[in-house]
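S.K.: Numbering follows full-length UniProt numbering, with no gaps: position 68 of the sequence shown is 68.
For glycine and all other residues, C-beta sits at the position ideal for the given N, C-alpha and C.
Would you mind keeping the following structure in view while I ask a few things?
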Amino acid sequence: MYYMEILNWIEKWSGILLRKLLAFSALLGVIVLIFTAAQGNAAGVISFALFVAPYLMVRYRDPESTTVPFQGRVF
Numbered sequence: 001m002y003y004m005e006i007l008n009w010i011e012k013w014s015g016i017l018l019r020k021l022l023a024f025s026a027l028l029g030v031i032v033l034i035f036t037a038a039q040g041n042a043a044g045v046i047s048f049a050l051f052v053a054p055y056l057m058v059r060y061r062d063p064e065s066t067t068v069p070f071q072g073r074v075f
């Protein structure tokens with residue numbers, strides 16, 4: 001029984017940490033886009049997409065189609 005409690009705890013906290021990591025990555029992508037746009041660098045759009053895409057994929061997917069513990073919620 002104790003083994004299952006440990007697994008549930010790991011599943012809960014891994015979901016929380018993943019949500020925070022994805023939100024941080026999206027925020028970092030916005031900052032990269034702002035700085036590269038100020039310099040007139042078109043590569044910033046690609047960098048922005050690479051930072052924000054994982055956040056959007058998790059945020060707007062169908063929560064019924066996965067077993068990820070946070071079920072489509074990022075915040």
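How close, in whole Å, do the beta carbons of Phe48 and Leu33 come, if the pair is a contact with beta carbons under 8 Å?
M.R.: 4 Å
S.K.: Mapping the DSSP letters down to three states, classify Ala38 as helix, strand or coil.
M.R.: helix
S.K.: Assuming Ser25 and Tyr55 make a contact with CB atoms under 8 Å, what is their CB distance in whole Å?
M.R.: 6 Å
S.K.: Given that a residue counts as buried once 16 or more other Cβ atoms are within 10 Å of its Cβ, and exposed if not, what is Leu22?
M.R.: Classification for Leu22: buried.
S.K.: Hey, Ala53 and Gly44: beta-carbon distance below 8 Å or not?
M.R.: In this structure, Gly44 does not lie closer than 8 Å to Ala53 by Cβ.
S.K.: Output needed for Trp9: all residues of its chain with C-beta closer than 6 Å, excluding positions within five of it in sequence on either side, in chain order.
M.R.: none
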